[in-house]
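Input: a single structure, listed below in C-alpha cells.
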Amino acid sequence: MGMEAGERAPRPSLLLHPSQGVSLGDPVTLHCHLPQPAAWVELYQDGQLRSSKEMDQKQDAVEFSLAGIKKEDSGTYQCQYQGLQPAGTSEKSDPVELVVTDHSYAPPGISLCPKEHVEMGSNITIQCWNTKYGAAFLLHKDGHSAPIQHQEPDYWGTATFTLFGVNTADSGTYRCSYRIRGCCLLFSPLGDNVTLEVIPRPAPPGDNGGASRDLVAAVVGRWVAAIVFIIILSVSVLLVAQRRQMQSDERPGGEGV
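FYI, my numbering numbers position 7 of the sequence shown as 272, with every residue one higher than the one before it.
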C-alpha cells in the first residue's frame, strides 16, 4: 500500500523544452525539477511508466530526452521521485502536455463573418473546417502563445467560434488547427489566416458636437443670467418707488396752514 498523503515527499515539477511548436521528428527534453535529494526519478506518459533514472544525491533536476518525436510520443507527462531525506515516494508532478504537429495533414479552412472591418460591439463568427480528419478545433490569435478557444466540430466537420461584442483589443490575425481524429495529441499545421479590424464607434452627433453643446449651454446660461438680472433690477426699482411713496404719505398734510 502507498504511504499516507501527509508522509509523501514534496511534489516535483516538470517542464518541456521546447514547450510549443513541436513537429514530428523534432527533439524534446523533459526536465524534472526536484525539491530535495532523490534516489531515483520516474517519467510517466498518460499514466504509464515511460522511463526511470537513478540519481546522484547532489542533483536537483534530471533530464529525459526524446530524440526524433513520433506521433506516439505526444501525450500527457508527469514525473515522480523516491526521496532520501525524508524518505518516501513523492506525488506525481502536475501534468504537462506534449502537443505534436504532423505536417502531412492538410491545414483547415477558415472563414470570417460578416466581414473583416466591423464596428465595436458587433458579434463575429469564425468558422474552421476539415471534413475528414478534424476531431477538435483550436482558434489561435497571433501574439498569443496558447489557443484562445477550442470547439468540437458539427456533423459536417465545421467548428464555429463566436466573438461577442468585439472591441479594439479583438483586432488581429486569426488561424485554426485541428486535433487529428483517432490519435493522442497530434495536430494539423495552422491554416490560412483571417484578419479582423474593429473600428472604434464614431463620436455621437454633437461631439463635434461636444463643442456645439458647450456653446449652446453657454448661450442659454447667459440668457438665464440676463433674465435674473432684469428681474432683480425690476424688483429693486419697485421697492425704491414704493419706499418713496410711503415717505411722501407720511409727511404732515397741513404743514403750510
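Glycine included, each C-beta is placed from N, C-alpha and C at the ideal position. Predicted, not measured: the structure shown is a model, and the values here were computed from it.
Residue range of the beta strand (DSSP E) that includes residue i
i: Lys318; result: Gln313 to Glu319
i: Gly340; result: Gly340 to Leu349
i: Gln310; result: Ala303 to Gln310
i: Leu295; result: Val293 to His298
i: Leu280; result: Ser278 to His282
i: Ala326; result: Ala326 to Leu331
Where residue i falls, given that 16 or more other Cβ within 10 Å makes a residue buried
i: Trp421; result: exposed
i: Glu307; result: buried
i: Pro530; result: Examination of residue 530 is not possible in this model, given that the chain is present from 266 through 522 alone.
i: Ile492; result: exposed
i: Met385; result: exposed
i: Gln392; result: buried
i: Cys344; result: buried
i: Phe402; result: buried
i: Arg487; result: exposed
i: Ala274; result: buried
i: Ala424; result: buried
i: Gly399; result: buried
i: Pro277; result: buried
i: His405; result: buried
i: Thr438; result: exposed
i: Ile497; result: exposed
i: Ile445; result: buried
i: Asp435; result: buried
i: Gly286; result: exposed
i: Asp366; result: The question names Asp, but residue 366 is Thr in the sequence shown. Buried, by the Cβ-count rule.
i: Val522; result: In this prediction, Val522 scores a pLDDT of 36, lower than 50, which makes its location untrustworthy; the coordinate-derived value is nonetheless stated afterwards. By the neighbour-count rule (16 or more Cβ atoms within 10 Å), Val522 is not buried but exposed.
Test item: CB-CB of residue i and residue j under 8 angstroms
i: Leu349; j: Ala304; result: yes
i: Asn388; j: Leu428; result: yes
i: Tyr342; j: Leu279; result: yes
i: Asp338; j: Leu314; result: no
i: Glu328; j: Thr354; result: no
i: Cys449; j: Lys336; result: yes
i: Ser442; j: Gly456; result: yes
i: Val463; j: Glu381; result: no
i: His296; j: His282; result: yes
Inter-residue spacing [alpha-carbon to alpha-carbon] between residue i and residue j
i: Arg440; j: Asp407; result: 8 angstroms
i: Thr379; j: Ser453; result: Here residue 379 is Pro; the residue named in the question, Thr, does not match the sequence. Their Cα atoms are separated by approximately 26 angstroms.
i: Gln310; j: Pro300; result: 21 angstroms
i: Lys397; j: Gln416; result: 16 angstroms
i: His409; j: Ala326; result: 29 angstroms
i: Gly374; j: Ser358; result: 37 angstroms
i: Asn432; j: Leu377; result: 16 angstroms
i: His368; j: Ser284; result: 18 angstroms
i: Gly312; j: Pro360; result: 10 angstroms
i: Val383; j: Pro372; result: 27 angstroms
i: Leu461; j: Ile413; result: 15 angstroms
i: Gly333; j: Gly447; result: 21 angstroms
i: Asp321; j: Tyr370; result: 43 angstroms
i: Gly474; j: Arg466; result: Only weak support is given to the placement of Gly474: the predicted model assigns it a pLDDT of 49, under 50, and the value that follows is read from those uncertain coordinates. When rounded, the distance between both Cα atoms is 15 angstroms.
i: Ser317; j: Trp394; result: 41 angstroms
i: Met268; j: Lys323; result: Residue placement at Met268 is flagged as unreliable, the pLDDT there being 43, under the threshold of 50; a coordinate-derived value is accordingly withheld.
i: Glu319; j: Glu356; result: 18 angstroms
i: Pro302; j: Leu451; result: 35 angstroms
i: Tyr346; j: Gly340; result: 20 angstroms
i: Phe426; j: Thr390; result: 6 angstroms
Completely contained beta strand (DSSP E) runs for the segment 396 to 461, where each covers 3 or more residues: Complete beta strand (DSSP E) runs here, min 3: 399 to 406, 414 to 416, 423 to 428 and 437 to 445.
Runs of beta strand (DSSP E) wholly within the segment 348 to 394 (minimum 3 residues, chain order): Unbroken beta strand (DSSP E) stretches of 3 residues or longer found wholly inside the segment 348 to 394: 352 to 354, 361 to 363, 374 to 378, 382 to 384 and 389 to 394, given in chain order.
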